[in-house]
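Respectively, the protein sequence lines represent chains A and B.
In case it helps, my numbering puts the first sequence at residues 1 to 257.
In case it helps, my numbering puts the second sequence at residues 258 to 600.
Glycine included, each C-beta is placed from N, C-alpha and C at the ideal position.
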Amino acid sequence: MVRWLKYIVIGIYPLFVILVLLAIITFDPGSVISGLVNREVLSSVKLSIICAVTATALAVIFGTPLAYYLARRDFYGKSILETLIDLPISVPPLVCGVGLLLLFGHNGWIGKSLAAAGIHIVFTLKGAIIAQFFVAAPLYIQVMRTTFRTIDSRYETVAKTLGSGSLGSFLKITVPLSREGIINGTTMAFARCMGEFGATLMLASAITYKTETLPLCVFMNMSGGNISMAIAAASILILVSLIIIIIMRISVKMIRK
Amino acid sequence: MIEIKNLSNYILKDINLSVKKGDLFVLLGPNGSGKTTLLDAISGICKYEGDISISGRSINNMPPKKRNIGYLFQDLFLFPHMTVYENIMFGIKARNKTNGNRAEELLDLLNLQNFRDRYPENLSGGEKQKAAFARAIATDPEVILMDEPFNKLDPATTKYLRIDFKNIIRTLNITCIFVTHNIKEAVELADAMGIMINGKIHQVGRPDEIYFSPQNDEVLSFIGRPNILQCDEYKYLDDGLTKAKCGDMNIIVPTEKETPVKKVVILSEKVYISDKNPPGPQINRYQGKIISIKKGNSITHIEADVHGNIIYCQVNKKMSDSMQLEPGKTVYLIFQLRWLRWI
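Spelled out as structure tokens, the structure:
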């Protein structure tokens with residue numbers, strides 16, 4: 001009895017995931033094929049990938065030095081800064097979107113200056129990228145902060161005594177030793193970007209062929225009653241996520257070898 | 258030549274030290290005495306006040322990468338994502354010394370050719386030591402700093418590596434500061450040595466100078482109280498041994514060739530004491546009488562009279578209690594050959 005109870009407890013969540021996936025895939029199997037040739041869905045796939053790649057790249061560029069600094073240095077107010085950085089993870093993306101809209105709107109602190117320079121963020125693809133960067137960067141920073149903390153800083157010290165500078169030591173020693181963390185962090189950030197909905201909807205809206213990413217495509221079609229199209233977009237989203245996880249697992253295995 | 262003047266920081270207290278070019282200087286001291294911190298200061302990876310110069314050139318304002326100092330860390334820190342060859346080449350490339358032959362020479366010199374493409378995780382402790390040593394000297398540093406490099410190795414590996422490393426340092430004429438807490442290792446390696454306790458260097462000199470005349474109580478308490486015996490006569494015994502007559506005691510000392518033996522020294526902690534005459538060859542064993550006993554928390558200090566010579570020895574409290582040592586009791590003392598020093 002106890003043995004069966006154990007298997008039920010262990011198996012309940014995987015079963016739950018399988019059931020949800022099956023519910024989507026089996027609802028209308030033909031819709032995935034038709035989705036792949038549908039212009040709107042294809043545009044959403046393209047926009048999703050552009051936004052997610054760009055936002056993830058921004059998270060890596062701005063997140064890596066920040067994570068490194070937080071992992072290696074102690075300074076007054078560090079825990080406050082860390083809490084602040086982690087906040088977007090726990091705040092609902094919709095709320096993040098409201099904040100971004102107020103900041104980048106035409107009367108916002110940044111939006112006003114940008115608008116004066118002819119740069120518009122709201123209801124544009126740039127807005128979608130900014131929203132995704134804002135929501136996904138904390139995940140990347142969190143993973144990298146932990147990764148850098150696990151790498152002994154004395155490797156860099158050794159590199160310095162051998163004639164390498166600070167940047168050289170970081171690039172030649174710390175970065176290669178952080179490969180697994182970088183892959184995990186980047187994958188998590190990319191996956192978060194691909195699935196981002198609330199903040200993107202608030203800042204960039206869901207304008208077909210312009211800002212409508214895959215999750216927005218699912219939502220718009222679902223609310224418009226076009227269930228087959230929503231299922232097609234959802235299935236593609238699942239497929240992309242699956243490919244990301246497989247690539248990540250293979251990469252990590254290759255590094256460990 | 259390394260000159261250190263008035264060096265201080267959060268651990269080090271007014272260090273003044275001069276190491277001659279090509280010398281192997283051993284810094285000896287208990288754990289936590291500041292030995293590693295001094296190496297860190299010399300290599301430029303920790304802050305300090307005072308002056309350090311190498312060959313007359315002040316290096317205080319230089320970052321570690323410009324000091325041209327090799328540093329063999331206690332935990333080695335071989336880069337795990339690089340092969341042995343890549344580890345050795347790291348410093349050569351970083352200093353733009355595009356000399357691939359240097360790495361090959363060092364691989365040959367340290368018998369590492371078979372391991373050149375291996376990653377550190379696939380090396381034994383001794384091979385790792387050799388790879389880290391090769392990496393530290395690959396850039397032709399003026400000075401090499403070695404921080405207890407043999408700490409985690411078995412005695413046999415330690416012994417041959419010690420000889421190998423010493424020969425290479427001699428051949429390349431590199432000035433070396435070697436840190437250890439092991440007195441035997443220090444005496445075997447050192448051209449000169451310094452005793453460091455609580456962030457301060459208490460005595461600098463040749464190993465025999467320190468052995469024969471510890472300068473203060475701190476040095477005494479670390480290296481142990483020496484028994485210094487004046488010798489009146491000596492006789493070479495042909496097989497690498499000399500019999501020295503110190504008062505009424507005949508002491509056999511290892512001398513390799515016929516040399517006058519004027520004084521013999523053995524540290525108190527190296528004198529073996531027993532309440533019964535132990536079995537074994539009757540060399541350097543003496544019967545004596547306890548004059549005084551001073552019991553500490555864990556160590557008992559004993560003074561014994563052996564044929565008119567006062568011999569200091571120490572034994573752990575448990576053993577002294579089990580032997581019921583007390584003043585007036587007859588005891589047997591043994592001087593082991595390997596712990597005897599002489600001039």
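Give the interface partners of residue i over in chain A, defined as CB-CB distance under 7 Å, in chain order.
i	result
residue 294 of chain B	The premise fails here: residue 294 of chain B is roughly 13 Å from chain A at the closest Cβ pair, so nothing lies under 7 Å.
residue 326 of chain B	161
What residue does the alpha helix (DSSP H) around residue i start on, and which one ends it?
i	result
residue 235 of chain A	227 to 256
residue 220 of chain A	214 to 223
residue 433 of chain B	Residue 433 of chain B -> not in any alpha helix (DSSP H); beta strand (DSSP E) instead, spanning 432 to 437.
residue 114 of chain A	109 to 116
residue 167 of chain A	166 to 169
residue 500 of chain B	Residue 500 of chain B -> not in any alpha helix (DSSP H); beta strand (DSSP E) instead, spanning 498 to 503.
residue 300 of chain B	292 to 300
residue 566 of chain B	Residue 566 of chain B -> not in any alpha helix (DSSP H); beta strand (DSSP E) instead, spanning 566 to 573.
residue 188 of chain A	179 to 195
Check whether the Cβ atoms of residue i and residue j lie closer than 8 Å to each other.
i	j	result
residue 208 of chain A	residue 132 of chain A	no
residue 459 of chain B	residue 436 of chain B	no
residue 520 of chain B	residue 469 of chain B	yes
residue 547 of chain B	residue 588 of chain B	yes
residue 136 of chain A	residue 55 of chain A	yes
residue 168 of chain A	residue 144 of chain A	no
residue 193 of chain A	residue 57 of chain A	no
residue 504 of chain B	residue 565 of chain B	yes
residue 280 of chain B	residue 532 of chain B	no
residue 392 of chain B	residue 345 of chain B	yes
residue 20 of chain A	residue 217 of chain A	no
residue 545 of chain B	residue 597 of chain B	no
residue 592 of chain B	residue 155 of chain A	no
residue 208 of chain B	residue 431 of chain B	Shown here, chain B extends from 258 to 600; a query on residue 208 of chain B therefore has no answer.
residue 24 of chain A	residue 238 of chain A	yes
residue 341 of chain B	residue 314 of chain B	no
residue 291 of chain B	residue 263 of chain B	no
residue 127 of chain A	residue 211 of chain A	yes
residue 485 of chain B	residue 522 of chain B	yes
residue 62 of chain A	residue 100 of chain A	no
residue 235 of chain A	residue 35 of chain A	yes
Where do the ends of the beta strand (DSSP E) carrying residue i lie?
i	result
residue 96 of chain A	It is not in any beta strand (DSSP E) - residue 96 of chain A instead sits in the alpha helix (DSSP H) that spans 93 to 104.
residue 542 of chain B	542 to 552
residue 307 of chain B	306 to 311
residue 267 of chain B	Element bounds for residue 267 of chain B: n/a, residue is neither H nor E.
residue 378 of chain B	From DSSP, residue 378 of chain B is part of no beta strand (DSSP E); its letter is neither H nor E.
residue 487 of chain B	483 to 487
residue 209 of chain A	Per DSSP, residue 209 of chain A belongs to no beta strand (DSSP E) and is neither H nor E.
residue 557 of chain B	556 to 563
residue 412 of chain B	Careful: residue 412 of chain B lies outside any beta strand (DSSP E), inside the alpha helix (DSSP H) at 412 to 429.
residue 86 of chain A	Unbroken run through residue 86 of chain A is the alpha helix (DSSP H), 78 to 90; no beta strand (DSSP E).
residue 460 of chain B	457 to 462
residue 139 of chain A	Careful: residue 139 of chain A lies outside any beta strand (DSSP E), inside the alpha helix (DSSP H) at 125 to 150.
Can you name the residues of chain A whose CB is closer than 9 Å to the CB of residue i?
i	result
residue 305 of chain B	What residue 305 of chain B touches in chain A: nothing, since even the nearest Cβ is about 16 Å away.
residue 348 of chain B	159, 161, 162, 163, 164
residue 267 of chain B	In chain order: nothing, as chain A lies at least about 16 Å away.
residue 392 of chain B	158, 162
By the criterion of Cβ-Cβ separation under 8 Å, what are the contact partners of residue i in chain A?
i	result
residue 337 of chain B	177
residue 396 of chain B	162, 163
residue 321 of chain B	157, 160, 161
residue 302 of chain B	157, 160, 161
List, in chain order, every chain B residue whose beta-carbon is nearer than 8 Å to that of residue i.
i	result
residue 63 of chain A	What residue 63 of chain A touches in chain B: nothing, since even the nearest Cβ is about 22 Å away.
residue 168 of chain A	351
residue 154 of chain A	330, 332, 334
Name the chain B residues that come within less than 7 Å of residue i, Cβ to Cβ?
i	result
residue 173 of chain A	336
Does the segment 201 to 217 of chain A come close enough to the segment 116 to 128 of chain A to have 3 or more Cβ pairs within less than 8 Å? yes
What alpha helix (DSSP H) runs, 4 residues minimum, are completely inside the segment 18 to 68 of chain A? 29 to 36
Quick check: the segment 317 to 330 of chain B against the segment 153 to 163 of chain A, are there 3 or more CB pairs under 8 Å? yes
Using 8 Å as the threshold, is the segment 58 to 78 of chain A in touch with the segment 127 to 141 of chain A, meaning 3 or more CB pairs across them? yes
The segment 386 to 403 of chain B in contact with the segment 358 to 372 of chain B per 3-pair CB rule at 8 Å: yes
With a cut-off of 8 Å, do at least 3 Cβ pairs link the segment 169 to 178 of chain A to the segment 40 to 59 of chain A? no
Indicate whether the contact test is met: 3 or more Cβ pairs, each with one atom in the segment 554 to 566 of chain B and one in the segment 581 to 597 of chain B, closer than 8 Å. yes
Closer than 8 Å is the cut-off here; do at least three beta carbon pairs connect the segment 316 to 324 of chain B with the segment 279 to 290 of chain B? no
Any 3 or more C-beta pairs closer than 8 Å across the segment 14 to 28 of chain A and the segment 104 to 111 of chain A: no
Evaluate contact between the segment 269 to 276 of chain B and the segment 293 to 309 of chain B, counting only Cβ atoms and requiring at least three cross-stretch pairs below 8 Å. yes
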